[in-house]
Amino acid sequence: MTESLLEVRNLVQEFHTNAGVVQAVSGVSFDVRPGETLGIVGETGSGKSTLARSVLQAPRPTSGEVIFRGTDLTTLRGTRLLQARRHLQMVFQDPFGSLDPKWTVRDLVEEPLVAYKTGRKNERRQRVDDLLELVGLDPASHGRRRPRELSGGQAQRVAIARAIALNPALIVCDEAVSSLDVLIQAQVLNLFERLRAELGLSYLFIAHDLALVKQVSDRVAVMYLGRLCEAGPGESVYREPLHPYTRALLDSVPSTDKHSAATKRAPTTISGEPPSPVHPPSGCRFRTRCPRAQEVCVAEQPPMRELATGHTVACHFPLVESAGPATSGPGSRAATGAQAAESAHAPRSVRTKKSREPRDEDPYPA
Amino acid sequence: MAASLPDLLVTAETARTRPPRARATAGWARTLRLWVPAGFLILLAAACFLWPQIYPVPKPVGGSVLNAGLPPLSPGHIFGTDPVGNDEFSRILYGGQVSFEVGFAVTAIGLLVGGLLGMTAGYWGGAVDAVISRVLDVLIAFPALVLALAIAEGLGPSEVHVIWALCVFSIPATGRIARSATLALREQTFMLAARLSGTRGPRILLRHVIPNVVPQLMTFSLLGFGVVIILEGALSYLGLGIPLPEASWGSMIAQGQQALTASPDLVLIPSAFLFATVMSLNLVGDALRERWGVR
Amino acid sequence: MSEPLLEVQDLKVTFPERGRQVRAVDGVSYCVYPGQTLAVVGESGSGKTVSCRAVMGLLPLAAVVTGSASFAGTQLIGLTDDQMRAHRGADVAMVFQDPTRSLNPTMRIGSQIAEAVRAHQRVSKTQARERAVALLRLVRMPLPERRCTEYPHQLSGGMRQRVMIAIALACRPKLLIADEATTALDVTTQAQIMELLLELQAELGMALMLISHDLGLAASYADEVIVMYAGRIVEQAPAARLFSRVRMPYTQALLEAIPQLERPAHSPLPVIGGRPPDLSALPAGCSFAPRCRHAADDCRATEPPLAEHEPGHRWACWHPVNGEHHD
Numbered sequence: 044m045t046e047s048l049l050e051v052r053n054l055v056q057e058f059h060t061n062a063g064v065v066q067a068v069s070g071v072s073f074d075v076r077p078g079e080t081l082g083i084v085g086e087t088g089s090g091k092s093t094l095a096r097s098v099l100q101a102p103r104p105t106s107g108e109v110i111f112r113g114t115d116l117t118t119l120r121g122t123r124l125l126q127a128r129r130h131l132q133m134v135f136q137d138p139f140g141s142l143d144p145k146w147t148v149r150d151l152v153e154e155p156l157v158a159y160k161t162g163r164k165n166e167r168r169q170r171v172d173d174l175l176e177l178v179g180l181d182p183a184s185h186g187r188r189r190p191r192e193l194s195g196g197q198a199q200r201v202a203i204a205r206a207i208a209l210n211p212a213l214i215v216c217d218e219a220v221s222s223l224d225v226l227i228q229a230q231v232l233n234l235f236e237r238l239r240a241e242l243g244l245s246y247l248f249i250a251h252d253l254a255l256v257k258q259v260s261d262r263v264a265v266m267y268l269g270r271l272c273e274a275g276p277g278e279s280v281y282r283e284p285l286h287p288y289t290r291a292l293l294d295s296v297p298s299t300d301k302h303s304a305a306t307k308r309a310p311t312t313i314s315g316e317p318p319s320p321v322h323p324p325s326g327c328r329f330r331t332r333c334p335r336a337q338e339v340c341v342a343e344q345p346p347m348r349e350l351a352t353g354h355t356v357a358c359h360f361p362l363v364e365s366a367g368p369a370t371s372g373p374g375s376r377a378a379t380g381a382q383a384a385e386s387a388h389a390p391r392s393v394r395t396k397k398s399r400e401p402r403d404e405d406p407y408p409a
Numbered sequence: 008m009a010a011s012l013p014d015l016l017v018t019a020e021t022a023r024t025r026p027p028r029a030r031a032t033a034g035w036a037r038t039l040r041l042w043v044p045a046g047f048l049i050l051l052a053a054a055c056f057l058w059p060q061i062y063p064v065p066k067p068v069g070g071s072v073l074n075a076g077l078p079p080l081s082p083g084h085i086f087g088t089d090p091v092g093n094d095e096f097s098r099i100l101y102g103g104q105v106s107f108e109v110g111f112a113v114t115a116i117g118l119l120v121g122g123l124l125g126m127t128a129g130y131w132g133g134a135v136d137a138v139i140s141r142v143l144d145v146l147i148a149f150p151a152l153v154l155a156l157a158i159a160e161g162l163g164p165s166e167v168h169v170i171w172a173l174c175v176f177s178i179p180a181t182g183r184i185a186r187s188a189t190l191a192l193r194e195q196t197f198m199l200a201a202r203l204s205g206t207r208g209p210r211i212l213l214r215h216v217i218p219n220v221v222p223q224l225m226t227f228s229l230l231g232f233g234v235v236i237i238l239e240g241a242l243s244y245l246g247l248g249i250p251l252p253e254a255s256w257g258s259m260i261a262q263g264q265q266a267l268t269a270s271p272d273l274v275l276i277p278s279a280f281l282f283a284t285v286m287s288l289n290l291v292g293d294a295l296r297e298r299w300g301v302r
Numbered sequence: 004m005s006e007p008l009l010e011v012q013d014l015k016v017t018f019p020e021r022g023r024q025v026r027a028v029d030g031v032s033y034c035v036y037p038g039q040t041l042a043v044v045g046e047s048g049s050g051k052t053v054s055c056r057a058v059m060g061l062l063p064l065a066a067v068v069t070g071s072a073s074f075a076g077t078q079l080i081g082l083t084d085d086q087m088r089a090h091r092g093a094d095v096a097m098v099f100q101d102p103t104r105s106l107n108p109t110m111r112i113g114s115q116i117a118e119a120v121r122a123h124q125r126v127s128k129t130q131a132r133e134r135a136v137a138l139l140r141l142v143r144m145p146l147p148e149r150r151c152t153e154y155p156h157q158l159s160g161g162m163r164q165r166v167m168i169a170i171a172l173a174c175r176p177k178l179l180i181a182d183e184a185t186t187a188l189d190v191t192t193q194a195q196i197m198e199l200l201l202e203l204q205a206e207l208g209m210a211l212m213l214i215s216h217d218l219g220l221a222a223s224y225a226d227e228v229i230v231m232y233a234g235r236i237v238e239q240a241p242a243a244r245l246f247s248r249v250r251m252p253y254t255q256a257l258l259e260a261i262p263q264l265e266r267p268a269h270s271p272l273p274v275i276g277g278r279p280p281d282l283s284a285l286p287a288g289c290s291f292a293p294r295c296r297h298a299a300d301d302c303r304a305t306e307p308p309l310a311e312h313e314p315g316h317r318w319a320c321w322h323p324v325n326g327e328h329h330d
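Residue numbers (our numbering), protein chains in the order written: chain G, 44 to 409; chain S, 8 to 302; chain Z, 4 to 330.
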């Protein structure tokens, strides 16, 4: 097996707020292999943006390991961190927010080259021009502009050009296309794909839009309230979701597809409100909104276990009939395809508002 | 519906009082709003400093008592003379020099020292911020007039001492603005992006923080310039600033008070110049703020 | 078909900006029928929000609005603010995108709803309070009495949006306009809120206008869909028809550019280049022609009119595609 480009182990990130200590990321582990795109899907409060920044050590995580190209970034400081982080870059959500409004496009793209003292001035200038062309901008007309003279799509391209300036191995995209219009978003996504092919890049692609994440990713992980629920190949997660939250996400995505349009207005498979991150539910964090929750879900946090090839889930009662609670006996193998398909596509009847044990911590009883 | 449409109804209502689009964003009006007051200031400063070099004017001190109390538009004395016989016009010019010198020195020192201190405190935070903030707090706690009094008593009144006294006020004032602007800036994503690009602290301060904070500081300082001129005028009026018989608009006003009924021009003329200068500074500050989009 | 509830005819909105005229809305006509769900879809700058705010009288004074918007016989364009206030809430209500900014952070929820109630009805404070609780119950808010005493910051985004809906419904409007009301919400919350809106629509017999950039939302929840581009309507059809037999190349481009779950990963998205036109300098002819794959000379010369080429399906294109939209 090829060595992972990025290996994250038990990452924890805490913040101290007036309301108490918030664990935005509570023990997340995953890896990204060279040349692959790992997508992380999560809604508000899932901690995905915090995760992105923690990987980059900005700020340094409270605990856990971030092993990038063999070196644990959490143990590095100062210059050594800068050197190690050179091949790890980030593209942010707000294209204008991530560009200094007083700088010109050229200066912005050149900044990493200057910081790492790459080449002489004219070499750098040439490289900047090449980068701008690579992302589809014209160096002559766009080079001297300031961010406010650009459109959203153009600004994001500048951010991307800056991110690839040092030939990184991995780029973290934190909602990088979410604030762009549909058509521009498609253009930028195509740019990401083209760069992936031409430069051999890997991505950690973080977004709240499941269809978007699946479109660009080889593997997809689903995050809820600081923990990963499920991870696996994109097609697998989509066709045979194992976690009830993944199921709910899939059901909630409004689609222009004929099939789902015909089943529009079907009831959703999730209820209630997201719990507060300051006081997350005990055991499985999703249990307060899960139609399948039982007592064991209150008591024990389900471990991540592999139920299909490369497809892991952290749930006591995953959407596979033959798998029992995670604590009883060894993890069971995945059900056959037909059974899994049936459980994956019979979602509507799963919704229940009936018989649920009263939850002492649930702030929003149904 | 009032509760659910507060921001839009507010927009509609403020639109009624001052429709944003109808306001002259047209080029020429905007240009005028900046360059008319700025032009006035430039001309006035040039006049104060250069006129005496080019055209001979009577000295501002040492006039003959024989010429005392002449009204404006007297031959040879376009603004008249003061009770001691000095030419008012030349005193206005030399007094203007003082105002501009003091104003500029205090503002510049405030910008440089206060600005740097504030930006450093804001950017590095922690212990650095704590120390600098306490220093600034101590400075700003000094009432400028009392301090000027002490300095004047101790060291004797002079232009340089006035500058020192007013710097005690302008450094922390600018410093606080710089600090809060830097704190706000620190939260911006592009600052994180700059760090991730590998740029280090001092360079970030120089190339990212300063260019973004300077517009706010500049507009603040321009308004402060006017305040400093008035303060200098007040100090001189109280006898704590530029000592007589040297000319200063403030001391001229104080002097002219005694002859207010007889020769009101002795008060009115320096007051008019003071007013016009401060007003122009404010207008320039406003125009720049509009251009640079500073809130 | 019954009488339309809202009939918009040739609505135009222009903003003067730096000496030029920005034509934000350029001749828009449509009808909303009682009980219908109409989605207005477009990207930023398409004019979808401006046209609805024109109907509600919520544009800045500098905007020049012409045309007609007739609500149950009453002309809404040109009314003064006071006259418009009588209609807002009672006839037409609006829910906006960001509930955080539309709710007063220093007032309790109950007070804000009660205020909305008393804006249109002469009731006592106690009655208004009771009505507020009833409205929260109507929007399926758990523990409505407790919510009334809370402040907006104590609620989640989805719950705040429910409060906004409760305020909008305070006086039983006949038409509810949801202007990107779910854009800022999570997809699961969005689904819940949309479900709620449809249930309320059925319960109260309300018409619903959904303004959004999200075609998927329109497909899933609307009866009828209008697609806008550069201030004009370019296509209109019942939802099922529009997405299975799209005609206008712009609509097709939008559909193709959306990531679909069913598509395999890394499949390139068909895109069109360019950007929406400058609204102060619209090209002659079809505004989409500069970016259209199928553009021909007649497209660039003359603007195609919006016409009902098939029953129930209007489009504005000289060379429509025969869009059997499939994945």
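Cβ coordinates follow ideal geometry from the N, Cα and C atoms, glycine included.
Using a Cβ-Cβ distance under 9 Å, would residue i count as near chain G?
i	result
Glu46 (chain Z)	yes
Tyr154 (chain Z)	no
Leu295 (chain S)	no
Gly229 (chain Z)	It is Ile, not Gly, that sits at residue 229 (chain Z) in the sequence shown. Ile229 (chain Z) does not count as touching chain G.
Thr206 (chain S)	yes
In chain G, which residues lie with their C-beta within 9 Å of the C-beta of residue i?
i	result
Pro102 (chain Z)	Those within 9 Å of Pro102 (chain Z) in chain G number zero; the least Cβ separation is about 13 Å.
The alpha helix (DSSP H) that contains residue i, what's its start and end?
i	result
Arg165 (chain Z)	160-171
Glu202 (chain Z)	190-207
Ala336 (chain G)	First-last for Ala336 (chain G): undefined, no H or E at that position.
Along the chain, where does the beta strand (DSSP E) containing residue i start, and where does it finish?
i	result
Phe248 (chain G)	245-250
Thr17 (chain Z)	9-20
Val28 (chain Z)	23-35
Gly70 (chain Z)	67-74
Pro222 (chain S)	From DSSP, Pro222 (chain S) is part of no beta strand (DSSP E) but of the alpha helix (DSSP H) over 217-244.
For chain S, check one thing: does any of its Cβ atoms lie closer than 9 Å to the Cβ of residue i?
i	result
Gln132 (chain G)	yes
Ala204 (chain G)	no
Ala219 (chain G)	no
Quick one: which chain G residues come within Cβ less than 7 Å of residue i?
i	result
Phe197 (chain S)	Gly140, Ser141, Leu142, Asp143
Ala200 (chain S)	Phe135, Ser141
Give the DSSP bridge partners of residue i, in chain order.
i	result
Ile236 (chain Z)	Z:Met231
Glu50 (chain G)	G:Asp74, G:Ile110
Going along chain Z in order, which residues have a C-beta closer than 8 Å to the C-beta of residue i?
i	result
His251 (chain G)	Asp189, Val190
Pro77 (chain G)	Within 8 Å Cβ-Cβ: nothing; Pro77 (chain G) doesn't reach chain Z, min ~16 Å.
Does any C-beta atom of chain Z lie closer than 9 Å to the C-beta of residue i?
i	result
Ala127 (chain G)	no
Ala389 (chain G)	Caution applies to Ala389 (chain G), whose pLDDT of 35 falls short of 50 and renders its modelled position unreliable; the model cannot decide the point.
Ser386 (chain G)	Here the model assigns Ser386 (chain G) a pLDDT of 37, short of 50, so the residue's position is not dependable and the matter cannot be decided.
Arg376 (chain G)	For Arg376 (chain G), the predicted structure reports a pLDDT of 36, less than 50, and the residue's modelled location is therefore unreliable. The matter cannot be settled from this model.
Glu236 (chain G)	yes
Asn61 (chain G)	no
Which chain Z residues are close to residue i, counting only those with a beta carbon under 9 Å from its beta carbon?
i	result
Ser260 (chain G)	Ala268, His269
So which residues on chain S does residue i lean against when the C-beta distance must stay under 8 Å?
i	result
Leu99 (chain G)	Leu203
Which residues in chain Z have a C-beta closer than 7 Å to the C-beta of residue i? List them in chain order.
i	result
Leu292 (chain G)	Val190, Thr191
Count Cβ pairs between the stretch 129-144 of chain G and the stretch 207-222 of chain G that sit closer than 8 Å; are there 3 or more? yes
Are there three or more Cβ pairs, one per stretch, closer than 8 Å when the stretch 56-69 of chain Z is compared with the stretch 4-20 of chain Z? yes
Does the pairing of the stretch 78-85 of chain Z with the stretch 112-124 of chain Z give three or more beta-carbon distances under 8 Å? no
Counting Cβ pairs, one atom from each stretch, are 3 or more of them under 8 Å apart for the stretch 210-221 of chain Z and the stretch 32-43 of chain Z? yes
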